[in-house]
């Protein structure tokens, strides 16, 4: 698994390097600094997005847990009510 991950990382680094080289050729060397700034901004935005997604995941898990707890309380209450109903309907 680690070898596959390492291989993927090497492929990814190689691909990023080729893309960076192509972009620098297309944009010219004078705009390479702008490309670096753009990449840094993308990295920041990516990290912000990852943080928001992680926060949303945690909020969703907490809401699900609360819903499960409510479901359990409602089941217990229903069972109590059914028991009372059975007792009261016996003749």
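Numbering (the working numbering), first residue to last: 161 to 251. The beta carbon of each residue, even a glycine, is placed where N, CA and C say it ideally should be.
Remark: C-beta atoms of residue 203 and residue 195 do not approach each other more closely than 9 Å.
Here the alpha carbon of residue 244 sits roughly 21 Å from the alpha carbon of residue 230. Here the alpha carbons of residue 171 and residue 178 stand approximately 11 Å from one another. If you draw a straight line from the Cα of residue 227 to the Cα of residue 167, it is about 42 Å long. Residue 199 has its alpha-carbon roughly 14 Å from the corresponding atom of residue 208.
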